[in-house]
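Working notes for the structure below.
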Amino acid sequence: MPRGGPDAARWDRRFETSRAEYIDRPDTPEKGRQVLRALDRFQRLTGGYRTFCRLTLAEARDVPDPRLLELGAGLGRLTRYLTDRHPTARVTVSDVDPDVVERIRRGPVGSHPRVTPAVLDATSIDAPDGTFDVAVLTMALHHLPAPGVVALLEEGTRVARRLLIIDGWRHPAYLAVAPLLWLTGGLPHLHDGLISLRRLYGAKALHALAGACTPTVAVRTRFVPPGYLVAVATRDRRDRWAARGVPAGRTGTREGGLLP
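As structure tokens, then:
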């Protein structure tokens, strides 16, 4: 299925690429580490982490002492924001790469009393059902193939009441960010950033993939400025939408849509 969705326009299909990013290639580990540091720098500079933190805590606002799971954590910066801004939140910070998790474990994030580092695969999460209140994956959905997205939706909604997914909004206009990618991480970051923009999933694609989940997963998507696709997935529609005063039948829709 095209990443723009099953009915993606011809230009959208041509915009898509199958090229691999350095961060995903086993033969470019050093460039992958450079990109990881550049991504962290980019999100700090643009206020991305503040946005991710705000959106995550909003999904946990009905829980006094939330249990949070960060998937694909990279350097674990979001976990640091979450523990700084919520006095009782307990966070399991995870990544599929053991080396990444070990670096987190040795740093200030890993030593925090309310943080538990763990090696976890977002598509096969080693945790009992309902362990967490909110699981969150930021800026990493596009690294997964379509079957991986289905597995993420199934697993994320199994171990958590709500799965929050944040990634870039799919539109070629965002290629204009290229100079900032270069400034924050040089050619490796520019290389991976431009590929990422072309591999992003659109909202329609995410809804279509949610339809392939077993059991049924309800997904609600919206655009969040300056350029994020935000999706909340749950297996209990009533729990998710009642918190917002939205009728349970209004699922699988897109809010915002400031860009086509």
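According to our numbering, the sequence shown is numbered sequentially starting from 4. Glycine included, every Cβ here is placed at the ideal spot set by N, Cα and C. Every value quoted in this text rests on a predicted model; they were computed, and no experiment measured them.
### Query
Is the closest heavy atom of the ligand MN to the C-beta of residue 56 under 7 Å?
Although the ligand MN was asked about, the structure shown includes no ligands whatsoever.
### Query
Who are residue 236's beta bridge partners in DSSP?
Position 233 of the sequence shown, counted from the start, is the residue given in the question as residue 236. DSSP output for residue 236 lists 166, 222 as bridge partner(s).
### Message
Can you find the residues in the same chain that come closer than 7 Å, C-beta to C-beta, to residue 195, ignoring five residues on each side of it along the sequence?
### Response
Locating residue 195 in the sequence shown gives position 192, where the first residue counts as 1. So the qualifying residues of the chain are 24, 25, 26, 38.
### Query
Can you tell me where the beta strand (DSSP E) with residue 97 in it begins and where it stops?
The residue labelled residue 97 in the question sits at position 94 within the sequence shown. Its beta strand (DSSP E) spans residues 93-98.
#### Entry: Whole alpha helix (DSSP H) elements within the segment 27-59, 4-residue minimum
Listed in chain order, the complete alpha helix (DSSP H) runs (minimum 4 residues) inside the segment 27-59 are 32-49.
### Alpha-carbon to alpha-carbon, residue 10 and residue 206
For the purposes of this step, residue 206 is taken as residue 203 along the sequence shown, with counting starting at 1. For the purposes of this step, residue 10 is taken as residue 7 along the sequence shown, with counting starting at 1. Each residue's Cα considered, the two are about 12 Å apart.
### Task
Using the Cα positions of residue 87 and residue 150, report the straight-line distance between them to the nearest angstrom.
To locate residue 87, count along the sequence shown from 1; it is residue 84. To locate residue 150, count along the sequence shown from 1; it is residue 147. Roughly 35 Å separates the two Cα atoms.
### Query
Name the DSSP bridge partner or partners of residue 73?
To locate residue 73, count along the sequence shown from 1; it is residue 70. DSSP output for residue 73 lists 96, 139 as bridge partner(s).
### Task
Please go through the same chain and pick out, in chain order, the residues whose beta-carbon is closer than 8 Å to the beta-carbon of residue 156, but skip the five residues on each side of it.
In the sequence shown, the residue the question calls residue 156 occupies position 153. Non-local C-beta neighbours of residue 156 in its own chain, meaning closer than 8 Å and more than five positions away in sequence, comprise 166, 212, 213, 216, 220, 222, 236, ordered along the chain.
### Message
Suppose you measure from the CA of residue 28 to the CA of residue 170; what does that come to, to the nearest Å?
### Response
In the sequence shown, residue 28 corresponds to position 25, counting from 1. In the sequence shown, residue 170 corresponds to position 167, counting from 1. Spanning the two alpha carbons is a distance of roughly 20 Å.
### Message
My output table needs one value for residue 112: the three-state DSSP class, helix, strand or coil.
### Response
As a working mapping, residue 112 is identified with position 109 in the sequence shown. Of the three classes helix, strand and coil, the one that applies to residue 112 here is coil, per DSSP.
### Local conformation of residue 199 per DSSP, three classes
Taking the sequence shown and counting its residues from 1, one reaches residue 199 at position 196. DSSP places residue 199 in helix when its eight states are reduced to three.
### Task
Express the C-alpha separation of residue 188 and residue 182 in angstroms, rounding to a whole number.
On the sequence shown, position 179 is the one that residue 182 refers to. On the sequence shown, position 185 is the one that residue 188 refers to. Each residue's alpha carbon lies about 10 Å from the other.
#### Entry: Burial state of residue 42 (16 or more Cβ within 10 Å)
Taking the sequence shown and counting its residues from 1, the one referred to as residue 42 is at position 39. Classification of residue 42: buried, given that the 10 Å Cβ count is 16 or more.
### Task
Mind reading off the beta-carbon distance from residue 74 to residue 154? Whole number of angstroms is fine, and I expect it under 8 Å.
Start at 1 with the first residue of the sequence shown, and residue 74 comes out as number 71. Start at 1 with the first residue of the sequence shown, and residue 154 comes out as number 151. Going by Cβ atoms, the distance from residue 74 to residue 154 rounds to 12 Å, so no, they are not a contact pair.
### Query
Who does residue 127 pair with in a DSSP beta bridge?
Locating residue 127 in the sequence shown gives position 124, where the first residue counts as 1. Residue 127 is bridged to 124.
### Query
Looking at C-alpha atoms only, which residue of 105, 108, 173, 177 is the closest neighbour of residue 225?
In the sequence shown, counting from the first residue as 1, residue 225 sits at position 222. Nearest of 105, 108, 173, 177 to residue 225, Cα basis: 173.
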